[in-house]
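Enquirer:
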Amino acid sequence: MLDLEASQIMASLRSNGWTVTGKLGRDQSDIFAPGGQLHHLQDAIVKTMKEAMTRVPAK
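Using the working numbering, you'd call the opening residue of the sequence shown number 1 and step up by one each time.
1) CA-CA distance, S29 and G35?
2) Since M60 contacts L13 with CB under 8 Å, what's their CB separation in whole angstroms?
3) Helix, strand or coil: which one does DSSP assign to R55?
4) Among V20, D27, R26, which residue has its Cα nearest to the Cα of K47?
5) Do H39 and A33 come within 9 Å of each other at the CB atom, strictly closer than that value?
This is the structure:
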């Protein structure tokens, strides 16, 4: 089962067109706020989540 925070991040990104909002930056400041401990990973995290959530399943 996914962690609640991971689920919230995915839902926020998906519903906002894969754009980091100010609310997401405040709620998950370690990742998405400038100067956050993991901010340098923001683009890679968004890209990976987008690819995983929009991938067409193989038949």
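Even glycine gets a Cβ: it sits at the ideal position worked out from N, Cα and C.
Expert: Judging by the given coordinates:
1) By one-based count along the sequence shown, residue 29 stands at place 29. By one-based count along the sequence shown, residue 35 stands at place 35. Here the C-alpha atom of S29 lies approximately 9 Å from the C-alpha atom of G35.
2) Past the boundaries of the shown model lies residue 60; the chain is included only from 1 to 59, so the question cannot be answered.
3) Numbered from 1 along the sequence shown, position 55 holds the residue referred to as residue 55. Note: R55 maps to coil in three-state DSSP.
4) Here the question's residue 47 lines up with position 47 in the sequence shown. Comparing Cα positions, the closest option is V20.
5) In the sequence shown, counting from the first residue as 1, residue 33 sits at position 33. In the sequence shown, counting from the first residue as 1, residue 39 sits at position 39. Yes, these two residues count as a Cβ contact at 9 Å.
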